[in-house]
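The structure under discussion appears below in the form of structure tokens.
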Amino acid sequence: MTDGRAPLPLTFRPRLARQVSLAVALLVLVGTALVVVLVPGLNAGDRAGFLLFGVALAWFCWREASVRLVADEDGATVRNLIVTTRLQWADVVAVRFGERPWVQLDLANGETLAVMGIQRADGASAQEQARLLATLVAERTRTDRDD
């Protein structure tokens, strides 16, 4: 962009957690299929139970792998494990790594929102993503007066 701002949209995702979660989901699905097909003596209810449990575990792993923050011109969409939240830039006061292993957003209404899409386990990459997100917030919430 000509105004020096970072080009949007930008997507922030964890690297390590995403890779591990997708690998575990695949293992769970393969393991479940093997149990359902190869274990003798299972009745239809047992097979259905194993299948349902395996699919639920794989869904949870997929959901963990899909956490992210998508920043666009109007604000950010934070997809965490269960809840997805849409924020306007003016809603975000600060970006920080708190005591949790992921970035936290301090919101104008006094609440804090976890951003599981930027995780401390990613090391320097996570620190860089947190700085970039903080820069986006600062650029898009800057006013003529600093009250």
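Remember, our numbering sits 904 above the position in the sequence shown when you count from 1.
A virtual CB, placed ideally from N, CA and C, is assigned to each residue, including glycine.
Comparing alpha-carbon positions, the option among Gly979, Val940, Leu933 and Gly949 lying closest to Ala962 turns out to be Leu933. In the DSSP assignment, Gly979 falls within the unbroken beta strand (DSSP E) covering Gly979 to Arg983.
Take Ser1029, set aside five residues on each side of it, and the residues of its chain with a beta-carbon closer than 8 angstroms to its own are Arg919, in chain order. A distance below 6 angstroms between beta-carbons, with the five flanking residues on each side excluded, links Ala969 to the following residues of its chain, in chain order: Arg922, Ser925 and Leu926. Between the alpha carbons of Arg1024 and Leu991 lies a distance of about 22 angstroms. Where Gly935 is concerned, the enclosing alpha helix (DSSP H) starts and stops at Leu920 to Leu942. Judged by DSSP secondary structure, Ala948 falls within the alpha helix (DSSP H) whose first and last residues are Ala948 to Ala969. With contacts defined by Cβ atoms closer than 8 angstroms, Val996 and Leu1011 form a contacting pair. Gln1031 and Val1041 have their C-alpha atoms roughly 15 angstroms apart. Apart from sequence neighbours up to five positions away, no residue of its chain approaches Gly935 with a beta-carbon distance below 6 angstroms. Across the set Thr1045, Leu912 and Glu1043, the C-alpha of Leu912 shows the shortest separation from the C-alpha of Glu977. Taking 8 angstroms as the upper bound for CB-CB distance, Phe916 and Gly1021 are in contact here, some 5 angstroms apart.
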